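So in the working numbering, spot 18 of the sequence shown is number 26, and the numbers just go up one at a time. We treat Cβ as the ideally placed atom computed from N, Cα and C, and that holds for glycine. Keep in mind the model is a prediction, meaning the values are calculated, not measured.
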Amino acid sequence: MTVDQVLESLGLDPAALKTGDRPVRSPIDGRVFAHVADDTAETLDTKIAR
Numbered sequence: 009m010t011v012d013q014v015l016e017s018l019g020l021d022p023a024a025l026k027t028g029d030r031p032v033r034s035p036i037d038g039r040v041f042a043h044v045a046d047d048t049a050e051t052l053d054t055k056i057a058r
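This is the structure in C-alpha cells:
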C-alpha cells in the first residue's frame, strides 16, 4: 500500500498534502511524505467558525 492509498483510505486528498511549505516527516526514518500549509489567523477563524 502506498502513502497516497493510505491517505485516500482516510478520506484525505493526497494532492492537497503536497502543496504546502512545511514538510511532514516519518518518525521512523525521517523521510518526507507530505507538505502542509501553515494556517494564518484568518484561516483558523474560518475553520473554528465551521
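### A24 burial status per 10 Å Cβ neighbour count (16 or more: buried)
Within the sequence shown, residue 24 is the residue found at index 16, counting from 1. Burial call: exposed.
### Query
What are the boundary residues of the beta strand (DSSP E) that A42 is part of?
Start at 1 with the first residue of the sequence shown, and residue 42 comes out as number 34. 40-44 is the span of the beta strand (DSSP E), which, as asked, contains A42.
### CA-to-CA distance, M9 to L52, given in whole angstroms
Working through the sequence shown from its first residue, we reach residue 52 at position 44. Working through the sequence shown from its first residue, we reach residue 9 at position 1. So the two alpha carbons sit approximately 33 Å from each other.
### Residues bridged to K26 (per DSSP)
Residue 26 sits at position 18 when you count from the first residue of the sequence shown. According to the DSSP secondary-structure assignment, K26 is paired through a beta bridge with H43.
### Query
When the Cα atoms are used, what is the spatial distance from R33 to D47?
Residue numbering aside, residue 33 sits at position 25 when the sequence shown is read from its first letter. Residue numbering aside, residue 47 sits at position 39 when the sequence shown is read from its first letter. About 18 Å.
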